[in-house]
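Down below is the structure, laid out as structure tokens.
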């Protein structure tokens, strides 16, 4: 791309709005959201009062008909109650909003020693300085899915988050386009509107879920009749949920289009963002776990609400339309773009699996897998490594004692982070956050032996799972001690789907992999994700 503006994109001097204009637009949009909240609260309260008075009139006729609600006094009382509720709820929503959103989206702060996280921090800071944006906090989400999001902390700052899958699989130019897209939301002030909308109208989803749980809990008891009596209320809350989602979708669709074009102005590279959207849309890992009510904050939708035709409720325009708009800006045809993106994808794939994994002098198949695969299905018992001595608790890096063979663990670089490695038996000690990162990254060049271990785990999964069940409670199966706290580690499979047996300390959040087991798990996850 040249230094000139792409065709169809106005120059920065004409396109960038003043801070006053942004703040003014942000204020009236937030006031509209409050007005919508007040209207929903009033209608909900009014209908609830109508139902209560109607039932009371049918049961106790002296109470009088519900005609009082249609008088000016009745409407005024309900409106005052709705206004009081809206003001109280408006204030409560803003208390701890940042923390609640970070928790709901499973965010984690950046690690200073992580090469991938350093790259994200550098890109965000470069873009922030170039655009004169406000302070921005970077976070990540531990999932192999592809997504990114931005939201406001409601105190003048913004938060940009990227999933580990996107960090690992997008090139620097593509990641820069994604960050520019999210930064455009922050610079335009639209992130405040959508953040407030998600915080305000999540109450309807929460109430519907609580009513469903109450109905399920009382299905076999006398409470079932009470749950049945709440069906009208549940139906009305569902209608309010639909109404609020329509408003949120209308806001989000337009802001996504505007953010795409703004990102082009910031990076001067529409094809990089188009390539990123193409990869994000086609990745079989999906968008990762993002709550449905927070989908408007993300660069891609997390799914529909269950109906086959819900375009009027979609929070994002179709990715194909967004990519076509970016190609129009770049002056590139769809066919040329597909060929160029295909070549770029092939070149990027060739750059994967380039780094040799940390090795050890030990060899052979890990004891747990070899024993379970070789033994008959009816008598297989997972073998256990020798219990390590209970030494003084130490950090899980250099100098920590190997829980399997008693040798000292050494710190070793592995796909941008540092793990603890036993150079004698080849075991690895990693934390749960580190596992999530390693499963998303594709730097390690696996050996034929590690691929063979992965094949055995995949083909013998049922036998390994039965072996693990038979081994529980057996006196001959010892548990190794946690290198940090010396407590016995729990032996279990990493997941039901991936029958790689690991030892885990819940207290210290550490997992011990025997030789080649971590790499076998990575291979299995890569094959599944594509």
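Residue numbers (the working numbering): 239 to 768.
A virtual CB, placed ideally from N, CA and C, is assigned to each residue, including glycine.
Please report the straight-line C-alpha distance between residue i and residue j, rounded to a whole angstrom.
i: residue 407; j: residue 510; result: 13 Å
i: residue 286; j: residue 323; result: 14 Å
i: residue 638; j: residue 667; result: 10 Å
i: residue 294; j: residue 392; result: 44 Å
i: residue 346; j: residue 573; result: 39 Å
i: residue 434; j: residue 329; result: 11 Å
i: residue 645; j: residue 660; result: 7 Å
i: residue 307; j: residue 319; result: 13 Å
i: residue 587; j: residue 726; result: 41 Å
i: residue 282; j: residue 402; result: 41 Å
i: residue 331; j: residue 729; result: 42 Å
i: residue 558; j: residue 426; result: 24 Å
i: residue 275; j: residue 315; result: 17 Å
i: residue 386; j: residue 502; result: 17 Å
i: residue 652; j: residue 273; result: 53 Å
i: residue 770; j: residue 416; result: Outside the shown range of the chain (239 to 768) lies residue 770, about which nothing can therefore be said.
i: residue 771; j: residue 411; result: Past the edges of the chain, shown from 239 to 768, lies residue 771, and the structure says nothing about it.
i: residue 570; j: residue 576; result: 10 Å
i: residue 631; j: residue 658; result: Here the model assigns residue 631 a pLDDT of 33, short of 50, so the residue's position is not dependable and the matter cannot be decided.
i: residue 271; j: residue 278; result: 10 Å
i: residue 593; j: residue 439; result: 47 Å
i: residue 348; j: residue 556; result: 31 Å
i: residue 566; j: residue 747; result: 49 Å
i: residue 768; j: residue 678; result: 11 Å
i: residue 422; j: residue 505; result: 11 Å
i: residue 388; j: residue 296; result: 51 Å
i: residue 344; j: residue 311; result: 47 Å
Cβ of residue i versus every heavy atom of the ligand PLP: is any distance shorter than 8 Å?
i: residue 394; result: By its list of ligands, the structure shown contains no ligand whatsoever, and the ligand PLP lies outside what it can speak to.
Which partner residues does residue i have in the DSSP bridge list?
i: residue 731; result: 739
i: residue 387; result: 399, 536
i: residue 269; result: Partner(s): none; residue 269 has no beta bridge.
i: residue 698; result: Partner(s): none; residue 698 has no beta bridge.
i: residue 657; result: 650
i: residue 748; result: 669, 743
i: residue 639; result: 646
i: residue 721; result: Residue 721 pairs with nothing; no bridge assigned.
i: residue 726; result: 719
i: residue 692; result: Answer by DSSP bridge pairing: none, since residue 692 is not bridged.
i: residue 594; result: 683
Tell me the residue span of the beta strand (DSSP E) that contains residue i.
i: residue 378; result: 374-379
i: residue 650; result: 647-652
i: residue 588; result: Per DSSP, residue 588 belongs to no beta strand (DSSP E); it is in the alpha helix (DSSP H), 572-588.
i: residue 346; result: 345-347
Kindly list the residues whose CB is nearer than 7 Å to the CB of residue i, restricted to its own chain and excluding five residues on each side of it in sequence; keep chain order.
i: residue 373; result: 395
i: residue 375; result: 395, 397
i: residue 579; result: 513, 516
i: residue 419; result: 497, 498, 501, 511, 537
i: residue 670; result: 747, 749
Could you check whether residue j and residue i sit closer than 9 Å to each other, using their CB atoms as the reference points?
i: residue 491; j: residue 554; result: yes
i: residue 563; j: residue 647; result: no
i: residue 377; j: residue 340; result: yes
i: residue 766; j: residue 676; result: no
i: residue 681; j: residue 716; result: no
i: residue 369; j: residue 268; result: no
i: residue 338; j: residue 674; result: no
i: residue 334; j: residue 527; result: no
For residue i, collect the residues of the same chain with a Cβ closer than 8 Å to its Cβ; drop the 5 residues on either side in sequence, then sort them by chain order.
i: residue 656; result: 351, 635, 649, 650
i: residue 762; result: 692, 695, 696, 736, 738
i: residue 342; result: 529, 532
i: residue 413; result: 357, 358, 361, 400, 404, 405, 514
i: residue 745; result: 720, 723, 725
i: residue 234; result: Shown here, the chain extends from 239 to 768; a query on residue 234 therefore has no answer.
i: residue 590; result: 680, 681
i: residue 539; result: 525, 533, 552, 553, 554
i: residue 683; result: 591, 592, 593, 594, 595
What are the boundary residues of the alpha helix (DSSP H) that includes residue i?
i: residue 516; result: 508-520
i: residue 366; result: 353-369
i: residue 342; result: 335-342
i: residue 327; result: 310-332
i: residue 662; result: Careful: residue 662 lies outside any alpha helix (DSSP H) and carries neither H nor E.
i: residue 566; result: 557-568
i: residue 755; result: 755-767
i: residue 528; result: Segment: none, residue 528 is in no alpha helix (DSSP H) and carries neither H nor E.
i: residue 417; result: 410-426
Against chain C, does residue i count as a neighbour if the rule is that its beta carbon must be under 9 Å from one of theirs?
i: residue 349; result: Looking at the structure shown, chain C is missing, and only one protein chain is on hand.
Using a Cβ-Cβ cutoff of less than 6 Å, which residues in the same chain neighbour residue i once the five nearest sequence positions on both sides are dropped?
i: residue 601; result: Below a pLDDT of 50, predicted positions are generally treated as unreliable, and residue 601, at 42, falls in that range; no measurement from the model is reported.
i: residue 366; result: 374
i: residue 518; result: 384, 538
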